[in-house]
Amino acid sequence: MTSQKKNPIIALFASVQLALSLLFLLAATSIIGTLIPQNNILNFYIEKYGAKTASLLQILDITDMYNSWWFLGLLAFFSMNLIVCSLERIPQVVRTIRKDGLAVPPEQLEKLPLHKVLTLTASPGETGQRVSSFLSGHGWKARQTEKEGYQLFFAEKGAWTRFGVYVVHCSILIILAGAVVGSSTVANKILHNPYFAFKGSMMIPETDNADHIVAFKSNKRIDLGFTVRCDSFAIEFYSNGMPKTYRSRVTVIDGGKPVLATDIEVNKPLTYKGITFYQSSYQPYQDYVVSLKKQGGTVEKTEVIAPARQADWSEAGVSYGIINRESQGEVTRRIKVWFTDNQGEPSQFWVNVNQEAKVERPSGTYLFQARQLYATGLQVAKDPGVWLVYSGCLLMLVGLFIAFFLSHRKIYVLVRPQEDGSSRILFAGDANKNKVVFSEKFTDLISKLET
Amino acid sequence: MDSSQLFGITMIAYLFSAAFYLGLFIFKTQRIGLIGMLLALTGVIVQTAALGLRWYESYRMGVGHAPLTNMYESLVFFAWCTTLFYLFMEFRFKARVIGAFVMPCAAIAMAYASFSSRIDTQINPLIPALQSNWLIAHVVTCFIGYGAFAVAGGLGLMYLMKLSAVDKKSTDASLCASLPELKVIDDLTHKTIVFGFMWLSAGIITGAIWANEAWGTYWSWDPKETWSIITWFMYASTLHARFTRGWRGRRIAWLAIIGFLAVFFTYFGVNFLLSGLHSYGSN
Ligand code: HEM
């Protein structure tokens, strides 16, 4: 080992003690942010903790601690630690794996924790052949060597599993890299390209459209490069009144042409050109979408109207308006409609929203339906790092599995001739992990040769 | 017969099972331990049926979803995972007395789920945010991990008891004589933590994917997420202390207990003491 003449900084970063301290520090400091509410305005902290404490919290960035210089610094330190520590150990692992099992001095084999001696009456030559075919018959591809006074066979499995640990470590770095790539702060302040990665929201009234979002935190406008139209928004409820579905029907308009029409629901986002739209909120308006149809006719009309305004459908020669409402909070339950075809007295009636009313008039029967106008609130994110994060996660699970449950197993068989012409066989084995399971397999294997 | 009655039977089976395992620990009569095991086994079979039935009932109510979506259901599932994991361990490693340290945990979870006034036992429909298969994957993976960590905590406690009895050669020495060898407990604790760590990692990952599908952010440092990563850091430290610094025995036993306290806080404390996205558990 060259560890004596190492640069002290590298030595520091290579140390596992530092890793343990950093893991502890990360865990301990993370607690702070769960106790002190994050990302509120200054007045909130002043009211809650007093002016002095509040300014201290602000100086130390504790009001947004997971993005603070010191917490990110801790993470950077941790990553350096992980990189240096792993790089330093990998050559050692490569050496361990390359080590030739046939070069092991025979005396050492008896010192391995797993060993067993058998005597076979066959000659060493025959025995050697038998051992070799026995091993390969049980999935152990053995190499062999003949030296003065002995034959040695060596087989190993899973040498590569020694890299499992480094797969895990590497996966952590990949996840962190993904977080950096997808960070809107990095896109803004380092790449100076807010479009590269962002998070924000848009509020689109039904039948209206929007071509930009407002970014979180900075409140900057970011153009999407295409337009999203909200065709309709609907909430469905369970019978007990709990919300069941929030659904926006949207159309993406790119280059002036509608290219995609789909529904967005919670847990069913829409992704278009790397930008993902999530159903996140809604806003009821005090306007109504009225659909009108004449029974037997082919024409229809849909229009957005405000209450207490007269609207005309000139093709059919009718006029209508909403003259009264019953609401619960901002959500309208019933409306009172005024309707006339300019023949006789106008009709006036109450109808529930979303329910069809039949209006009998001298000129025919009309079907009237109104629903409240909503705006859909979409959260919009562009995160080019998310695939790195997901790959890192997958890699981590694979790496953990390798590191924890697979092992590097070795079997040595030493055959020596004895004076009476029989052969003395020494079986020895070793595994770097899960030794108990391996020792069972080892014993099992030998018992098969004995029979 | 409905699922709540079956859960009631499960709870009683676990309570008695815990009592019998404690009886085994104190009186060292093998037959008492056998009864404890049979009760735990009966309990887990009944509970499996109850889980299936509750699932079916939710479909009959027209709100069909796996029974893994609120505090009540998660507690019940926790008890199920813990018992199942424990029984597997008992069969695999033949150390029955460990039940005295694990089954009380499962019994308390069931009793708390059934009797606490803070917990709603009704089957409720799912609000839109919870309608995701990732939710199921998330809860299942997390709770397999939590079950393992509960067992590891019990093993840690057992280790410390045995250790103090061995050190003092006191009167408890006879009480602890029936416990497995210190080395065996230590090894089991480690294996259990390793198993739990794997599942906790998977739990955090599936949770992150779900959050990204629902809100477009895989990690938002809300208190529950933060506490889960704190727990993860703690177990990662424990594993490294063991692998690279050679920590064994007493220290690992303490870390197993502290780790479980962190799990407990992540699961309960956060819901009741802190506020955040995961507050669905608190009502
Ligand atoms: C939270 C982050 C980390 C995780 C999840 C993690 C995971 C692991 C895992 C699963 C093992 C395998 C143990 C085994 O089966 O042999 C391991 C070993 C190890 N880790 Fe980490 N690790 C993390 C951070 C670090 C850091 C920052 C260092 C930097 C010094 C480090 C250094 C080591 C070393 C030296 C080993 C032993 C390798 C060996 O067996 O030779 N780990 N780690």
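Protein sequence lines, in the order shown, are assigned to chains A and B.
Our numbering applies: residue 182 is where the first sequence begins, and numbers increase by one.
Our numbering applies: residue 129 is where the second sequence begins, and numbers increase by one.
All residues carry an ideal CB built from backbone N, CA and C; glycine is no exception.
Exercise. When you compare each of B:Q250, B:Y142, B:L328 and B:A228 to B:M199 by their alpha carbons, which one comes out closest?
Worked result: Considering only alpha carbons, the answer is B:Q250.
Where B:F216 and B:V174 are concerned, what is the direct C-alpha to C-alpha distance, given to the nearest angstrom?
-> Cα atoms of B:F216 and B:V174: separation of roughly 17 Å, rounded to the nearest angstrom.
Give, in chain order, every unbroken run of the beta strand (DSSP E) that is at least 3 residues long and sits entirely within the region 333-410 of chain A. For the region 333-410 of chain A, whole beta strand (DSSP E) runs of length 3 or above, ordered along the chain, are 379-386 and 390-396.
(Q) Considering Cα atoms alone, identify which of A:F458, A:S500 and A:G525 is closest to A:K474. (A) The residue with the shortest Cα to Cα distance from A:K474 is A:S500.
inquiry  = With H, G and I counted as helix, E and B as strand and the rest as coil, what does DSSP make of A:M182?
reply    = Note that A:M182 scores a pLDDT of 44, beneath 50, so its modelled location is shaky and nothing firm can be said.
Q | Candidates B:V312, B:C233 and B:I272: closest to B:F325 by CA position | A | Among B:V312, B:C233 and B:I272, the Cα nearest to that of B:F325 is on B:I272.
For my contact list, A:I503 and A:I486 are in at a C-beta cut-off of 8 Å; report their separation, rounded to the angstrom. Yes, they are in contact, since the Cβ atoms of A:I503 and A:I486 sit about 7 Å apart, within 8 Å.
Chain A within 9 Å of B:L215, Cβ atoms only: By this cut-off, B:L215 is not an interface position.
Is it buried or exposed, A:A209, if we count other Cβ atoms within 10 angstroms and call 16 or more buried?
Counting Cβ neighbours within 10 Å, A:A209 comes out exposed, since fewer than 16 surround it.
**Prompt:** Is it buried or exposed for A:T183, if we count other Cβ within 10 angstroms and need 16 for buried?
**Reply:** Low local confidence applies: a pLDDT of 47 at A:T183 is under 50, so the model's placement there is unreliable, with the coordinate-based value given in what follows. By the neighbour-count rule (16 or more Cβ atoms within 10 Å), A:T183 is not buried but exposed.
Exercise. Is there at least one Cβ from chain A nearer than 9 Å to B:W183's Cβ?
Worked result: At a cut-off of 9 Å between beta carbons, B:W183 makes no contact with chain A.
### Query
Does A:M261 have its Cβ less than 9 Å from a Cβ in chain B?
Contact with chain B is absent for A:M261, since none of that chain's Cβ atoms lies less than 9 Å from the residue's Cβ.
Could you tell me if A:M246 is buried or exposed, where buried requires 16 or more neighbouring beta carbons within 10 angstroms of its beta carbon? A:M246 comes out buried.
With a threshold of 16 other CB atoms inside 10 Å of the CB of B:N261, please say whether the residue is buried or exposed.
Counting Cβ neighbours within 10 Å, B:N261 comes out exposed, since fewer than 16 surround it.
Which residue from A:L290, A:A257 and A:G437 puts its Cα closest to that of A:F334? It is A:L290.
- Where B:V322 meets chain A, residues with beta-carbon distance less than 8 Å: The answer, in chain order, is F585.
Practice task
Please classify B:W349: is it buried, with 16 or more other beta-carbons within 10 angstroms of its beta-carbon, or exposed?
Solution key: Around the Cβ of B:W349, a 10 Å sphere holds 16 or more other Cβ atoms; the residue is buried.
Under the three-state reduction of DSSP, which class applies to A:S413: helix, strand or coil? It is a strand residue.
* Asked: With a cut-off of 9 Å, does the C-beta of A:T277 fall near any C-beta of chain B?
  -> By this cut-off, A:T277 is not an interface position.
Practice item. Could you work out which residues of chain A lie near B:M326, taking near to mean beta carbons separated by less than 8 Å? Key: Chain A residues near B:M326: L578, L581, F582 and F585.
(Q) For B:T345, would you say it is in contact with chain D, using Cβ-to-Cβ distances shorter than 9 Å as the test? (A) Absent from the structure: chain D. Protein chains present are A and B.
(Q) By the 9 Å beta-carbon criterion, what residues does the region 444-464 of chain A contribute toward chain B? (A) From the region 444-464 of chain A, only E446, V447, N448, K449, P450, T457, F458, Y459, Q460 and S461 have a Cβ closer than 9 Å to chain B.
Practice item. Could you tell me whether the region 554-567 of chain A touches the region 372-392 of chain A, using the rule of 3 or more Cβ pairs below 8 Å? Key: Short answer: they touch.
Give me the chain B residues within the contact set of A:Q560, using Cβ-Cβ distance strictly less than 8 Å, ordered along the chain.
Ordered by position in chain B, the residues that pass the 8 Å Cβ test against A:Q560 are W343 and G344.
| field | B:S410, DSSP secondary structure in three states | value | Low confidence applies here, because B:S410 scores a pLDDT of 36, under 50, leaving its location unreliable; read the following figure in that light. Helix, per DSSP.
Among A:I516, A:P527 and A:L554, whose alpha-carbon lies nearest the alpha-carbon of A:E537?
For the residues A:I516, A:P527 and A:L554, the minimum Cα distance to A:E537 belongs to A:I516.
- prompt: At a Cβ threshold of 9 Å, is A:C574 touching chain B?
  reply: Taking Cβ atoms only, chain B reaches closer than 9 Å to A:C574, which makes this a yes.
Taking A:F344 as the reference, which of A:W321, A:S267 and A:E387 has the closest Cα? Minimum Cα distance to A:F344 is reached at A:S267.
Per DSSP, what are the beta-bridge partners of A:E507 in this structure? According to DSSP, which records beta bridges pairwise, A:E507 is partnered with A:R515.
Decide if A:G525 is buried, meaning its Cβ has at least 16 other Cβ atoms within 10 Å, or exposed. Its Cβ having fewer than 16 others within 10 Å, A:G525 is exposed.
Counting along the chain, where does the beta strand (DSSP E) carrying A:S429 start and finish? Residues P424 to D435.
ask   = For A:D564 and chain B, any beta-carbon pair shorter than 9 Å?
value = Yes, A:D564 counts as interfacial toward chain B.
Going straight from the alpha carbon of A:I278 to that of A:I592, what length do you get? Each residue's Cα considered, the two are about 14 Å apart.
**Message:** In whole angstroms, give me the CA-to-CA distance for A:G436 and A:P488.
**Reply:** One C-alpha to the other measures close to 36 Å.
query = Relative to the alpha-carbon of B:I264, which residue among B:F221, B:F205, B:I140 and B:A280 has its alpha-carbon at the smallest distance?
reply = That would be B:F205, whose Cα lies nearest to the Cα of B:I264.
Exercise. Examine the Cβ distances between the region 281-295 of chain A and the region 208-223 of chain A and report whether three or more of them are shorter than 8 Å.
Key: The way I'd put it, the region 281-295 of chain A doesn't touch the region 208-223 of chain A; fewer than three beta-carbon pairs between them come closer than 8 Å.
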